[in-house]
Amino acid sequence: MLQNAEIKKNVLHLKGEKSYVKPQLVKNIGPDYIAEFEVKVNEDSKQEQVLFSSHTGSFKIVQNKTGQVGFSRDGFDYSFNYTAPEDQWIKIKLIAKGRTLKLFFDGEKIEGPTRNKYPETARFNTFILPLEYIGHKDNALNGALRNLKISR
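Each residue of the sequence shown is one higher than the one before, starting from 1 at the first, in our numbering.
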């Protein structure tokens, strides 16, 4: 199911705000997994831009308040020390193993994640990859996604 989104030449184009694809087979993938994909942000923004979302949380190319890549779960926001460049394809790799989540951009490991509120308690950063929606019902990525691959 597509909502305010389109697929052209194997690239998913999300248009911000209410824009998503709702896959029918998988809603979430728990650790241990490796998710790899390429993403492009169409505009520089401090406004939240969600790439993957479900009732368990969301993975954001632009985290609310920090403007950095991050995720939200259990009422907390986490940010990595990386801001996605505008109008440029970047390769992202997420490795969730046990109680940790590692993030790589174009092969380089990024520091974090840090819990934005109470950072001293962010020792464990388990993250279930939310795939109920690629995009979001309110704050979707304004950009594009290609070459999504998830393995265990």
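Idealized CB from N, CA, C, for every residue including glycine. Nothing here was measured: the structure is a model prediction, and the numbers come from that model.
Consult DSSP for residue i and reduce its assignment to one of helix, strand or coil.
{"i": "Phe104", "result": "strand"}
{"i": "Asn142", "result": "strand"}
{"i": "Lys22", "result": "coil"}
In or out: residue i buried (at least 16 other Cβ within 10 Å) or exposed?
{"i": "Asp77", "result": "buried"}
{"i": "Glu48", "result": "buried"}
{"i": "Lys8", "result": "exposed"}
{"i": "Lys97", "result": "exposed"}
{"i": "His136", "result": "buried"}
Tell me residue i's beta-bridge partners as DSSP assigns them.
{"i": "Thr114", "result": "Ser79"}
{"i": "Glu6", "result": "His13"}
{"i": "Phe129", "result": "Reading off the sequence, residue 129 comes out as Leu, not Phe. Its beta-bridge partners are Ile29."}
{"i": "Lys149", "result": "Glu36"}
Our contact map puts residue i next to residue j with C-beta atoms below 8 Å; I'd like the distance itself, whole angstroms only.
{"i": "Asn81", "j": "Gln68", "result": "7 Å"}
{"i": "Lys93", "j": "Glu36", "result": "5 Å"}
{"i": "Tyr33", "j": "Ile150", "result": "6 Å"}
{"i": "Leu131", "j": "Val26", "result": "5 Å"}
Could you tell me which uninterrupted alpha helix (DSSP H) segments, each at least 4 residues in length, are contained entirely in the region 36 to 99, listed from first to last along the chain? none
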